[in-house]
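What follows is a single structure, written as structure tokens, with notes after it.
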Amino acid sequence: MSRITASVYTSHVPAIGVAIDQGKTEEAYWKPVFAGYSFSKQWIQAEQPDVIFLVYNDHATAFSLELIPTFALGLAAEFSPADEGYGPRPVPVVQGHPELASHIAQSVIQDDFDLTLVNKMDVDHGLTVPLSLMFGQPAAWPCKVIPFAVNVVQYPVPSGRRCFSLGQAIRKAIESFDEDLNVQIWGTGGMSHQLQGARAGLINAAWDNQFLDRLIENPSELSQVPHIEYVREAGSEGIELVMWLIARGAMADVAGGKKPIVRHRFFHVPASNTAVGHLILENAKA
Amino acid sequence: MALNKPYLDIPGTTIFDADQSRKGYWLNQFCMSLMKPENRVRFKADERAYLNEWPMTEEQKQAVLARDLNWCIRLGGNIYFLAKIGATDGLSFQQMAGSMTGMTEQEYREMMIRGGRSPEGNRILGEDGDAQPHRQPQGSGGRPENLKGA
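As structure tokens, then:
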């Protein structure tokens, strides 16, 4: 049977992708950001996941205002890096896992989550920057990736509570797939940032770190936090953090298992307009 | 009954909800068209002519021509869509975000390196933080001599 071995959480700031693509990771501004991921790159080499279920948001790239799905599951065999206005990022095409993705669709929709199923979609920095942070610049991504896009652009976005419950349904789906796969679930976006208006540049390090504490220790309580608190405390784009609750909801302890092990925790300000947060939680080995 | 919008009392912040999205539909869809290289070329060649192909309001067109992102947002624009204009102009996201504060690019960049804008005084309208309406524009980018076209 397939199993979720770990969850990874990270910001997906586009400028981080630019820094990697343009070879600026050693510059003074960027060095501390990438230092926070050096453990993670070694860790994932040792872990070798078969599939990553990658929760991210599309930034008006694949989805314009013509169609605004709250939860969109990618079922295709491959997904191309999108041209977001600067030309596509020079990163490998993402290989999907249509069989597992279809199985997840079947299971999660029957658990009352009305997913939108996507058979053709380009993926933007929200998905590719986390892969670059964890894997560097390989000629091909070393594992399959199932993209899961959440609407956090147009309000109302899904509540933290709904995201947390959805994570539990995703766990149930993945762990009932017959093939023996090592699956990780990633939650991306955040942390505090605001990209608009006179309040642009807002950072709330205290709130962010409290979010990390609560995500580790008491995610169920954290999932009750209303949207307005995210916006007021972490900025209008800080609302992306609800996506981390999907990944957290898929961990074993939420389904009555053991507490996860905190493998790595990192926080840094700034990357461009944003606070960078990163966390690796591992399920205890059976 | 009017919908509950608890986010209207946050200073310097416009939440892109269904009402804003409705107002800004064509403005945002115009921005989306700039994802295609050939459209970027056509837009840059004659911005007014390209804008006239879209059923946007005249004010929305003016806001785009002025590259005034705060104005675009008031008219229903969303930053992730508006960012396509910035990309077409070769601007980074930090330059775009900074342009909405009245700070120069350098001032905004330094604020971020110092740890960003504090939430203190900036949570609710009527406090005294730097994002409050009575403290605009921030920095020297908003002074007339530094405004674009001045």
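As they're listed, the protein sequences go chains A and B.
For the first sequence, this note's numbering begins at 14 and goes up steadily by one.
For the second sequence, this note's numbering begins at 5 and goes up steadily by one.
A virtual CB, placed ideally from N, CA and C, is assigned to each residue, including glycine.
From what residue to what residue does the beta strand (DSSP E) around residue i run?
i                : result
Ala87 (chain B)  : Segment Ile83 to Thr92 is the alpha helix (DSSP H) holding Ala87 (chain B); no beta strand (DSSP E) there.
Val158 (chain A) : Lys157 to Val163
Arg195 (chain A) : It should be noted that the sequence gives Asn, not Arg, for residue 195 (chain A). Taken as a continuous stretch (DSSP letters only), the beta strand (DSSP E) holding Asn195 (chain A) covers Asn195 to Thr201.
How would you write the range of the alpha helix (DSSP H) that residue i sits in, first residue to last?
i                : result
Gly251 (chain A) : It is not in any alpha helix (DSSP H) - Gly251 (chain A) carries neither H nor E in the DSSP assignment.
Ile183 (chain A) : Gly173 to Ile187
Pro105 (chain A) : Element bounds for Pro105 (chain A): n/a, residue is neither H nor E.
Ala22 (chain B)  : Ala22 to Lys27
Lys65 (chain B)  : Glu62 to Leu69
Trp58 (chain B)  : No alpha helix (DSSP H) contains Trp58 (chain B), which DSSP labels as neither H nor E.
Ala263 (chain A) : Taken as a continuous stretch (DSSP letters only), Ala263 (chain A) belongs to no alpha helix (DSSP H), as it is neither H nor E.
His240 (chain A) : His240 to Ala247
Gln99 (chain B)  : Phe97 to Ser103
Ile29 (chain A)  : Pro27 to Asp34
Ser233 (chain A) : Pro232 to Leu235
Leu7 (chain B)   : Careful: Leu7 (chain B) lies outside any alpha helix (DSSP H) and carries neither H nor E.
Phe47 (chain B)  : Pro41 to Ala49
Arg78 (chain B)  : Leu73 to Arg78
In the DSSP output, which residue or residues are listed as bridge partners for residue i?
i                : result
Glu295 (chain A) : A:Ala19 and A:Ile274
Arg121 (chain B) : A:Leu215
Val136 (chain A) : A:Pro94
His281 (chain A) : A:Val289
Thr129 (chain A) : A:Ala85
For the putative contact between residue i and residue j, defined by C-beta atoms under 8 Å, what is the C-beta separation to the nearest angstrom?
i                : j                : result
Ala89 (chain A)  : Lys133 (chain A) : 6 Å
Val104 (chain A) : Glu91 (chain A)  : In fact, because the Cβ distance is near 13 Å, the residues do not count as touching under 8 Å.
Met264 (chain A) : Ser20 (chain A)  : 6 Å
Ile183 (chain A) : Ile198 (chain A) : 7 Å
Arg174 (chain A) : Leu228 (chain A) : Contact doesn't hold; Cβ gap of about 14 Å is too wide.
Gly98 (chain B)  : Arg118 (chain B) : Looking at the sequence shown, residue 98 (chain B) is not Gly but Gln. With a Cβ gap of about 14 Å, Gln98 (chain B) and Arg118 (chain B) do not count as contacting.
Leu86 (chain B)  : Leu73 (chain B)  : 6 Å
Val121 (chain A) : Ala218 (chain A) : Not really, about 35 Å apart at Cβ, beyond 8 Å.
Gly139 (chain A) : Ser205 (chain A) : Not really, about 17 Å apart at Cβ, beyond 8 Å.
Gly80 (chain B)  : Gln33 (chain B)  : At roughly 11 Å, the Cβ-Cβ gap does not stay under 8 Å, so Gly80 (chain B) and Gln33 (chain B) are not in contact.
Met104 (chain B) : Gln209 (chain A) : 6 Å
Val166 (chain A) : Asn82 (chain B)  : 7 Å
Arg212 (chain A) : Thr61 (chain B)  : Not quite, the Cβ-Cβ distance comes to about 26 Å (not below 8 Å), so this is no contact.
Gln181 (chain A) : Ala268 (chain A) : 7 Å
Gly214 (chain A) : Lys157 (chain A) : About 37 Å; that fails the 8 Å criterion.
Gly203 (chain A) : Gly251 (chain A) : 6 Å
Ala135 (chain B) : Pro15 (chain B)  : 5 Å
Asn195 (chain A) : Pro82 (chain A)  : Asn195 (chain A) to Pro82 (chain A), Cβ: 28 Å. No contact.
How about residue i: is its C-beta nearer than 7 Å to some C-beta of chain D?
i                : result
Met104 (chain B) : Judged by its chain identifiers, the structure shown contains no chain D, and its protein chains are A and B.
For a minimum of 4 consecutive residues, which ranges assigned as the alpha helix (DSSP H) are wholly contained in the stretch 37-101 of chain A? 44-48 and 51-60
For the stretch 126-149 of chain B, enumerate the residues whose C-beta is nearer than 9 Å to any C-beta of chain A, in chain order. Asn126, Arg127, Ile128, Gly133, Asp134, Ala135, Gln136, Pro137, Arg139, Gln140, Pro141 and Gln142
Can you list, in chain order, the residues of the stretch 107-128 of chain B whose Cβ is nearer than 7 Å to any Cβ on chain A? Tyr112, Met115, Met116, Ile117, Gly119, Gly120, Arg121, Pro123, Asn126 and Arg127
Check each residue of the stretch 88-99 of chain B: if its Cβ is closer than 9 Å to any Cβ of chain A, include it; give the result in chain order. Lys88, Ile89, Gly90, Ala91, Thr92, Gly94, Ser96, Phe97 and Gln98
Taking Cβ-Cβ distances below 9 Å as the criterion, which residues of the stretch 89-102 of chain A are in contact with chain B? Ala95, Asp96, Glu97, Gly98, Tyr99 and Gly100
Please identify, using Cβ separations under 7 Å, the residues of the stretch 43-63 of chain B that lie next to chain A, in order along the chain. none
Please list, in chain order, the residues of the stretch 269-289 of chain A that have any C-beta partner in chain B closer than 8 Å. Val282, Pro283, Ser285, Asn286 and Ala288
Name, going along the chain, the residues of the stretch 11-22 of chain B whose beta-carbon falls closer than 8 Å to a beta-carbon of chain A. Tyr11, Ile14, Pro15, Gly16, Thr17, Thr18, Ile19, Phe20, Asp21 and Ala22
Interface residues of the stretch 56-77 of chain A facing chain B [CB-CB below 7 Å]: His72, Ala73 and Ser77
With 9 Å as the limit, tell me which residues of the stretch 196-216 of chain A have their beta carbon closer than that to any beta carbon of chain B; keep them in chain order. Ser205, His206, Gln207, Leu208, Gln209, Gly210, Ala211, Arg212, Ala213, Gly214, Leu215 and Ile216
Closer than 9 Å between beta carbons: that is the criterion. Which residues of the stretch 156-187 of chain A meet it against chain B? Val166, Gln167, Tyr168 and Pro169
Members of the stretch 239-254 of chain A that neighbour chain B once the beta carbon cut-off is set at 7 Å: Ile241, Val244, Arg245, Glu246 and Ser249
Output, in sequence order along the chain, the residues in the stretch 21-38 of chain A whose CB is closer than 9 Å to any CB in chain B. Val26, Pro27, Ala28 and Val31
Relative to chain A, which residues along the stretch 27-40 of chain B have a C-beta separation below 7 Å, given in chain order? Tyr29, Asn32, Gln33, Met36, Leu38 and Met39
Residues, ordered as in the chain, of the stretch 215-236 of chain A that lie near chain B by beta-carbon distance below 8 Å: Leu215, Ile216, Asn217, Ala218 and Trp220
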